[in-house]
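Take the sequence shown: its position 274, counting from 1, is numbered 521 in our numbering, and each next residue is one higher.
Positions of the beta carbon are idealized from the N, C-alpha and C atoms, including for glycine.
The structure under discussion appears below in the form of structure tokens.
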Amino acid sequence: MPQAVHFAATDGYPLHGHVWRCAEPDRHRAVVVINPATAVHSRYYARFAAFLHSRGLDVLTYDYRGIGGSRPANLRGLQAGWLEWGERDFEGALRWLELHCPEQPVLAVGHSAGGLLLGLAASNRRIVRSLTVGAQFAYWRDYARDQRWSMWWKWHVLMPALTAVCGYFPGRRLGWLEDTPQGVVRDWTSRHPRFEHGLGRGRTPSADRPARLTARCAALGGELLALSASDDPFATVSAVQRLLGYFTGSRRCHLQLEPARVGVASIGHFAFFHARFADSLWPLAGQWLQQGCLPAAVPGEWIAPYLPD
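Okay, here's the thing in structure tokens:
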């Protein structure tokens, strides 16, 4: 059973999470930290975390500030965006691992924008292997062509309009994910094709921020496997490749999963973490995280230029 944990972000903000740990300590055992998607409660990843734990890994899940167990009583006025989530919250999670799992190799999983956050933490050099699932930063021109305009209206017009009225995005009320802080919505709805120029709108200008963010992304080392699904309207090939281009310090590969080759009609943006894939897709994730390789036969296509060695 997982244990609840509480730790502080680098600015002292209290964060809530859960840890799955094996009974016997072992400094050679890897520990996995899971970065959720935007506005997704960390409990969504609990079954996947338990699966990784069953393979002999320690696992930490946690909620960013403003989400799930790390939500304050009132979201209005909370300073929280992708910058805070990456530079302060994810960095806080990495420091917690350094304190409680000091010699264990660190592995990371990032879902959607959680993959971007891998590049924003100052301690990301500790990560020896990464897995991203549907990772991108919501540049609207990368959305699937047949859904681009409907997604534009939903996420880039209606969402910020409701946020302006409420002081936060009331996602729960609409059944559209968790309630979301205003700063996160600003970052999500940026229209810039380079994330480092779109993050931080509404904050004090910082001339060195773009260079700092791109350098942080380049500092992420080790091996990185980006998984996407051919029917994911957010994580199209162009969207995933746009983010992968920042991780120049990693040995990158990109596998686009095909639902039909897994025997299902759809995978989309969220279903990878559903338990129905515990016997098909999750073993691929486990093998990658533990061994840094995949079987010769995979249920999808490798996407150039990010091909396996």
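Listed in chain order, the alpha helix (DSSP H) elements of length 4 or more contained wholly in the region 339-401 are 360-364 and 395-398. Residue pairing for residue 281: DSSP places it in a beta bridge opposite 308 and 356. For residue 380, the CB contacts under 6 Å within the same chain, skipping 5 residues up- and downstream, are 358, 474 and 519 in chain order. For the set 311, 286, 530 and 300, the Cα lying nearest the Cα of residue 421 is the one of 286. Per the C-alpha coordinates, the member of 532, 342, 461 and 469 positioned closest to residue 441 is 461. Taking the C-beta atoms as reference points, residue 546 is found nearer than 8 Å to residue 505.
One Cα belongs to residue 424, the other to residue 418, and the distance between them is close to 5 Å. In the DSSP assignment, residue 254 falls outside any alpha helix (DSSP H) and lies within the beta strand (DSSP E) extending over 250-255. Cβ neighbours of residue 554 within its own chain (closer than 7 Å, five residues either side excluded): 500. Restricting attention to beta strand (DSSP E) runs no shorter than 3 residues, the region 448-512 encloses them at 470-476 and 498-504, ordered along the chain.
Taking residue 467 as the centre and dropping the five residues before and after it, the same chain places the C-beta of 365, 366, 371, 372, 374, 377, 494, 496 and 497 closer than 8 Å to its C-beta, in chain order. In the DSSP assignment, residue 262 falls within the beta strand (DSSP E) that extends over 261-267.
Contact annotation: residue 265 and residue 252 have beta-carbon atoms nearer than 8 Å.
Our two residues, residue 353 and residue 289, have alpha carbons roughly 19 Å apart in a direct line. Under DSSP, residue 547 shares a beta bridge with 504.
Taking the Cα positions, residue 248 is about 11 Å away from residue 294.
Distance from the Cα of residue 472 is smallest, within the candidate group 444, 548 and 438, for 548. Three or more beta-carbon pairs drawn from the region 429-438 and the region 322-333 are found closer than 8 Å, and the two stretches are therefore classed as touching. For residue 442, the enclosing alpha helix (DSSP H) begins and ends at 442-445. Taking the C-beta atoms as reference points, residue 415 is found nearer than 8 Å to residue 323. Taking a C-beta distance under 8 Å as the contact criterion, residue 383 and residue 482 qualify as a contact pair. Within a 10 Å sphere around the beta-carbon of residue 469 sit 16 or more other beta-carbons, which makes this residue buried. Taking 8 Å as the cut-off, the beta carbon of residue 297 is found no closer than this to the beta carbon of residue 351. In the structure shown, the three-state DSSP call for residue 337 is helix. Residue environment for residue 503: buried (at least 16 other C-beta atoms within 10 angstroms of its C-beta). Just so you know, the alpha carbons of residue 347 and residue 305 end up roughly 11 Å apart.
If you check the CB distance, residue 337 and residue 360 do not come in under 8 Å.
When the beta-carbon positions are compared, residue 309 and residue 262 come within less than 8 Å of each other.
The Cβ-Cβ distance between residue 453 and residue 445 does not fall below 8 Å.
The DSSP-derived three-state label of residue 298 is helix.
Excluding residues up to 5 positions away in sequence, 445 lie with their Cβ nearer than 7 Å to the Cβ of residue 439 in the same chain.
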